[in-house]
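Visitor: For the protein sequence lines, the chains are Z and V, in the order given.
In terms of numbering that gives the first Met the number 0, the first sequence opens at residue 0 and continues consecutively.
In terms of numbering that gives the first Met the number 0, the second sequence opens at residue 0 and continues consecutively.
Where a beta carbon is used, it is the ideal one built from N, C-alpha and C, also for glycine.
Computed from a predicted structure; not experimentally measured.
Got a structure for you, questions after.
Protein chains: 2
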Amino acid sequence: MSSEKHTAASAETLAIVGVGLIGGSVALAARKRGMVRRVIGLGRNPARLEQARSRGIIDEGVTDYALLGDADLVIVCSPVDRIVQDVLAVAAATPKETLISDVGSVKGAICEQLATQLPARFIGSHPLAGSEKGGFENAQAELFEGRVGIVTPTAETPPHLVERMTRFWQSLGMRTLLQAPQEHDRVLAITSHVPHVAAAAVAAMLSDEAAPFASSGFRDTTRIAAGDPELWAAILSQNAPAVQRALATLMQQLDRFSDVLANGDLAQLQQLLLEGQMRREVFEATFGGAAGKSTS
Amino acid sequence: MSSEKHTAASAETLAIVGVGLIGGSVALAARKRGMVRRVIGLGRNPARLEQARSRGIIDEGVTDYALLGDADLVIVCSPVDRIVQDVLAVAAATPKETLISDVGSVKGAICEQLATQLPARFIGSHPLAGSEKGGFENAQAELFEGRVGIVTPTAETPPHLVERMTRFWQSLGMRTLLQAPQEHDRVLAITSHVPHVAAAAVAAMLSDEAAPFASSGFRDTTRIAAGDPELWAAILSQNAPAVQRALATLMQQLDRFSDVLANGDLAQLQQLLLEGQMRREVFEATFGGAAGKSTS
Chain Z
0 MSSEKHTAAS AETLAIVGVG LIGGSVALAA RKRGMVRRVI GLGRNPARLE
50 QARSRGIIDE GVTDYALLGD ADLVIVCSPV DRIVQDVLAV AAATPKETLI
100 SDVGSVKGAI CEQLATQLPA RFIGSHPLAG SEKGGFENAQ AELFEGRVGI
150 VTPTAETPPH LVERMTRFWQ SLGMRTLLQA PQEHDRVLAI TSHVPHVAAA
200 AVAAMLSDEA APFASSGFRD TTRIAAGDPE LWAAILSQNA PAVQRALATL
250 MQQLDRFSDV LANGDLAQLQ QLLLEGQMRR EVFEATFGGA AGKSTS
Chain V
0 MSSEKHTAAS AETLAIVGVG LIGGSVALAA RKRGMVRRVI GLGRNPARLE
50 QARSRGIIDE GVTDYALLGD ADLVIVCSPV DRIVQDVLAV AAATPKETLI
100 SDVGSVKGAI CEQLATQLPA RFIGSHPLAG SEKGGFENAQ AELFEGRVGI
150 VTPTAETPPH LVERMTRFWQ SLGMRTLLQA PQEHDRVLAI TSHVPHVAAA
200 AVAAMLSDEA APFASSGFRD TTRIAAGDPE LWAAILSQNA PAVQRALATL
250 MQQLDRFSDV LANGDLAQLQ QLLLEGQMRR EVFEATFGGA AGKSTS
């Protein structure tokens, strides 16, 4: 393999470990944009891999890491509690030129462990795109377009790995941002993990009797609560300290609402709602500006 | 006026007090479905009324209740803290045959006060349709289609009023449900008011530094936080006791998350997320079944 190939965003052979929503979408997007000649999917269930192959998501499905030897780039799309072991298995089965990344929603623990073991081969990623509907059946080639792709080097990561992964996500249509893994986890606790907990907690309140009276506000506020509990339990527990801190902040804010409702302080109640509205506008300006018209 | 006219869903002349998102959409929907011959809009701002008229939302804009004399049906679409006074002003200005309803998101206080003063002329409604984007500029003739319209009679409400208002909302494409006003407020605290508070509290957590990392999960969970703080402060404060109780339930659920995160109890964490996912599925089955494919 030439060094030119290593700095280009394209890969002759891309391997996806875990061909679900994200893995399947990476495969479709890379193929659609002509970035890869061949996509290998690695999974545990041969029947599922064959379905993914027959849908044109991957070219070949394998269940054995030893068959990944050709891959120039391997993206590990496993649940966060399996990423470290899967990355190590990929590293053991592939030549040292093969670059390995992941798409986990938590980065601190994963990147710290792998930084010491695979400093020159692994770099963490987190593409901010997804859906509460998992599985390659819901994969889309356009999933990443206009969205943010986070790349999380550690102090040990060589600059050319940062450059390669950054270009890869950019080639899929993403705007990329660099973040230290621990910083990523602290911020994502606020932007993603605690919103998930809040959505689940609000959804859990819905009695059978109340269900017919829930409408579009309830639908949107609780949408992410439809996500897979197993995947999300792993994410939340891998980021437990930051999630606990953000959850404490949320509960303080809810306590303030409770207090002003008890006091009947209408001006203060408006003020609390205004804070939410203003921060929501900051979000819209950032997200809307980045992604154009938002889609669901 | 004939008695036939009073029991039909249609009205010769419909008056809307407060021509905003909901009032404008009622006007457009009633007109589109051929239910009315003429729509009068009452508001405080003549320039805004003229804009609504030139957009074909109303036929005539008036600022004086005395000019509502012709209306067969008046729908008061004011903010909840102005509904009682506006309904009383409509009642004073119109003949006793004119039916008056409202679209307020809180019903207990409003319906109790009006039940004693206008038992034979007023009946509360709450069409479960809306948007965080207010104003008649966002009004849509299809806003009510497939959605739930709640009609909230009291013990004093004559059955023919229940029938007329039920048919009116059904003619706009709604499925209607009857609910006692206090029961409405208790249920809506869970399905709408506390989700709004949660959305506002989650949105308020977003620092400038975190904003670029917020994505579609944050967008949906906080969408309703973009709603007008003044309107929502009035809603929450008119339903303060029920909102406080539902908020306490939400905080208990968040405390459970906090505890299992502190204990590192992955199975219990999954269980909590599963509760949210299951209740979300109950919602989807109810809402999706009612409204067909959900739209935003």
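Here's the rule: buried if 16 or more other CB atoms are within 10 angstroms of the residue's CB, otherwise exposed. What is residue 31 of chain Z?
Guide: As a first step, residue 31 of chain Z is located in the first sequence; it is residue number 32 there, counting from the start. Residue 31 of chain Z should be labelled exposed.
Visitor: Using a C-beta to C-beta distance shorter than 7 Å, which residues of chain Z count as neighbours of residue 170 of chain V?
Guide: Stepping through the second sequence from its first residue, residue 170 of chain V is reached at position 171. Result: empty, since nearest Cβ-Cβ is about 20 Å, beyond 7 Å.
Visitor: Taking all protein chains shown into account, do 16 or more other C-beta atoms lie within 10 angstroms of the C-beta of residue 116 of chain Z, making it buried, or fewer, making it exposed?
Guide: Working through the first sequence from its first residue, we reach residue 116 of chain Z at position 117. So residue 116 of chain Z counts as exposed.
Visitor: Just confirm the distance between the C-beta atoms of residue 34 of chain Z and residue 10 of chain Z, as a whole number of angstroms; I'd bet it's less than 8 Å.
Guide: Taking the first sequence and counting its residues from 1, the one referred to as residue 34 of chain Z is at position 35. Taking the first sequence and counting its residues from 1, the one referred to as residue 10 of chain Z is at position 11. Their Cβ separation, rounded to whole angstroms, is 7 Å, which keeps residue 34 of chain Z and residue 10 of chain Z in contact under 8 Å.
Visitor: What would DSSP say about residue 152 of chain Z, mapped onto helix, strand or coil?
Guide: On the first sequence, residue 152 of chain Z is found 153 positions in, with the first residue counted as 1. Residue 152 of chain Z: coil per DSSP, three-state reduction.
Visitor: Decide if residue 91 of chain V is buried, meaning its Cβ has at least 16 other Cβ atoms within 10 Å, or exposed.
Guide: By 1-based counting over the second sequence, the position of residue 91 of chain V is 92. Classification of residue 91 of chain V: exposed, given that the 10 Å Cβ count is below 16.
Visitor: Check residue 56 of chain Z in the structure and name its three-state DSSP category.
Guide: In the first sequence, the residue the question calls residue 56 of chain Z occupies position 57. In the three-state reduction of the DSSP assignment, residue 56 of chain Z falls in the coil class.
Visitor: Relative to the C-alpha of residue 19 of chain V, which candidate in V/140, V/163 and V/188 has its C-alpha closest?
Guide: Position 20 of the second sequence, counted from the first residue, corresponds to residue 19 of chain V. Nearest of V/140, V/163 and V/188 to residue 19 of chain V, Cα basis: V/140.
Visitor: Do you know how far the Cα of residue 134 of chain V is from the Cα of residue 205 of chain Z?
Guide: By one-based count along the first sequence, residue 205 of chain Z stands at place 206. By one-based count along the second sequence, residue 134 of chain V stands at place 135. One C-alpha to the other measures close to 30 Å.
Visitor: For the stretch 231–259 of chain V, which residues have a beta carbon sitting closer than 8 Å to at least one beta carbon of chain Z?
Guide: 231, 232, 233, 235, 236, 239, 242, 243, 245, 246, 247, 248, 249, 250, 252, 253, 254, 256 and 257
Visitor: Count Cβ pairs between the stretch 197–214 of chain V and the stretch 153–165 of chain V that sit closer than 8 Å; are there 3 or more?
Guide: no
Visitor: Below 7 Å CB to CB, which residues in the same chain sit around residue 69 of chain Z once its five sequence neighbours on both sides are set aside?
Guide: Here residue 69 of chain Z corresponds to residue number 70 of the first sequence, with the count starting at 1. Closer than 7 Å at Cβ, skipping near neighbours: 12.
Visitor: Does the Cβ-Cβ distance between residue 85 of chain Z and residue 17 of chain Z come in under 9 Å?
Guide: Position 86 of the first sequence, counted from the first residue, corresponds to residue 85 of chain Z. Position 18 of the first sequence, counted from the first residue, corresponds to residue 17 of chain Z. Yes. Within cutoff.
Visitor: Here's a check: name, in chain order, each residue in its chain whose Cβ is nearer than 8 Å to the Cβ of residue 242 of chain V, leaving out the five neighbours to either side.
Guide: Within the second sequence, the letter at position 243 stands for residue 242 of chain V. Only residues of its own chain outside the window of five on either side were considered, and among them 188, 192, 193, 196 and 235 have a CB closer than 8 Å to the CB of residue 242 of chain V, listed in chain order.
Visitor: Express the C-alpha separation of residue 200 of chain Z and residue 294 of chain Z in angstroms, rounding to a whole number.
Guide: On the first sequence, position 295 is the one that residue 294 of chain Z refers to. On the first sequence, position 201 is the one that residue 200 of chain Z refers to. Annotation note: pLDDT 36 at residue 294 of chain Z (below 50); position unreliable, coordinate value reported separately. Cα-Cα distance, rounded: 25 Å.
Visitor: Just by C-beta distance, which residues in the stretch 255–285 of chain V are closer than 7 Å to chain Z?
Guide: 256, 257, 260, 261, 263, 265, 268, 269, 271, 272, 273, 274, 275, 276, 278, 279, 281, 282 and 285
Visitor: Determine the direct distance from the alpha carbon of residue 74 of chain Z to that of residue 262 of chain Z, and round the result to whole angstroms.
Guide: Indexing the first sequence from 1 puts residue 262 of chain Z at position 263. Indexing the first sequence from 1 puts residue 74 of chain Z at position 75. The C-alpha of residue 262 of chain Z lies about 54 Å from the C-alpha of residue 74 of chain Z.
Visitor: Please check if any C-beta of chain Z sits within less than 9 Å of the C-beta of residue 139 of chain V.
Guide: Sequence index remark: in the second sequence, residue 139 of chain V carries index 140 (1-based). Answer no: the Cβ-Cβ gap between residue 139 of chain V and chain Z never drops below 9 Å.
Visitor: Quick check on residue 157 of chain Z: does DSSP put it in helix, strand or coil?
Guide: If you number the first sequence from 1, residue 157 of chain Z lands on position 158. In the structure shown, residue 157 of chain Z sits in coil (DSSP, three-state: anything other than H, G, I, E or B).
Visitor: Give the secondary structure of residue 143 of chain Z by DSSP, where H, G and I count as helix, E and B as strand, and everything else as coil.
Guide: The count along the first sequence starts at 1 and reaches residue 143 of chain Z at position 144. In the structure shown, residue 143 of chain Z sits in coil (DSSP, three-state: anything other than H, G, I, E or B).
Visitor: Assess, as a yes-or-no matter, whether the stretch 160–175 of chain Z is touched by the stretch 109–126 of chain Z under the definition of 3 or more beta carbon pairs within less than 8 Å.
Guide: yes
Visitor: What's the gap between the Cα of residue 240 of chain Z and the Cα of residue 54 of chain V?
Guide: Start at 1 with the first residue of the first sequence, and residue 240 of chain Z comes out as number 241. Start at 1 with the first residue of the second sequence, and residue 54 of chain V comes out as number 55. Near 54 Å, if we compare the C-alpha coordinates of residue 54 of chain V and residue 240 of chain Z.
Visitor: Measuring alpha carbon to alpha carbon, tell me which of Z/253, Z/145 and Z/227 ends up nearest residue 28 of chain Z.
Guide: Sequence index remark: in the first sequence, residue 28 of chain Z carries index 29 (1-based). Ranking the options by Cα distance to residue 28 of chain Z, first place goes to Z/145.
Visitor: For residue 177 of chain Z, which residues of its own chain have a beta-carbon under 6 Å away from its beta-carbon, when the five flanking residues on both sides are left out?
Guide: Mapped onto the first sequence, residue 177 of chain Z falls at position 178. Result list for residue 177 of chain Z: 150, in chain order.
Visitor: Give the single residue among V/89, V/190 and V/45 whose Cα lies nearest to the Cα of residue 279 of chain V.
Guide: Translated into positions along the second sequence, residue 279 of chain V becomes position 280. Closest by alpha carbon: V/190.
Visitor: Going along the chain, which unbroken runs of the alpha helix (DSSP H) with 4 or more residues stay wholly within the stretch 18–103 of chain Z?
Guide: Within the stretch 18–103 of chain Z, the complete alpha helix (DSSP H) runs of at least 4 residues are 20–31, 45–53 and 82–92.
Visitor: Whose CA, out of V/126, V/198 and V/93, lies closest to the CA of residue 166 of chain V?
Guide: Position 167 of the second sequence, counted from the start, is the residue given in the question as residue 166 of chain V. Among V/126, V/198 and V/93, the Cα nearest to that of residue 166 of chain V belongs to V/126.
Visitor: Helix, strand or coil, according to DSSP, for residue 234 of chain Z in the structure here?
Guide: Position 235 of the first sequence, counting from 1, holds the residue named residue 234 of chain Z. Helix at residue 234 of chain Z.
Visitor: Along the alpha helix (DSSP H) that carries residue 222 of chain Z, what are the first and last residues, could you check?
Guide: For the purposes of this step, residue 222 of chain Z is taken as the residue at position 223 of the first sequence. Element bounds for residue 222 of chain Z: n/a, residue is neither H nor E.
Visitor: When the cut-off is 9 Å and only beta carbons count, does residue 204 of chain Z lie next to chain V?
Guide: Residue mapping note: residue 204 of chain Z aligns to position 205 of the first sequence, counting from 1. So, interface residue.
Visitor: What residues in the stretch 209–220 of chain V have a beta carbon less than 9 Å from any beta carbon of chain Z?
Guide: 209, 210, 211, 212, 213, 214, 215, 216, 217, 218, 219 and 220
Visitor: Can you tell me which residues form a DSSP beta bridge with residue 325 of chain Z?
Guide: The requested residue 325 of chain Z is not part of the displayed model; chain Z covers only 0 to 295.
Visitor: Residue 120 of chain Z by DSSP, collapsed to three states: which one?
Guide: As a position in the first sequence, residue 120 of chain Z is number 121, starting the count at 1. In the structure shown, residue 120 of chain Z sits in coil (DSSP, three-state: anything other than H, G, I, E or B).
Visitor: Can you tell which of V/170, V/256 and V/232 has the C-alpha that lies nearest to the C-alpha of residue 26 of chain V?
Guide: Residue mapping note: residue 26 of chain V aligns to position 27 of the second sequence, counting from 1. Among V/170, V/256 and V/232, the Cα nearest to that of residue 26 of chain V belongs to V/170.
Visitor: Using a threshold of 9 Å, state whether the C-beta atoms of residue 64 of chain V and residue 38 of chain V are closer than that.
Guide: Within the second sequence, residue 64 of chain V is the residue found at index 65, counting from 1. Within the second sequence, residue 38 of chain V is the residue found at index 39, counting from 1. The answer is no: Cβ separation not under 9 Å.
Visitor: Could you list the residues in the stretch 142–164 of chain V with a C-beta less than 9 Å from some C-beta on chain Z, going in chain order?
Guide: 146, 147 and 149
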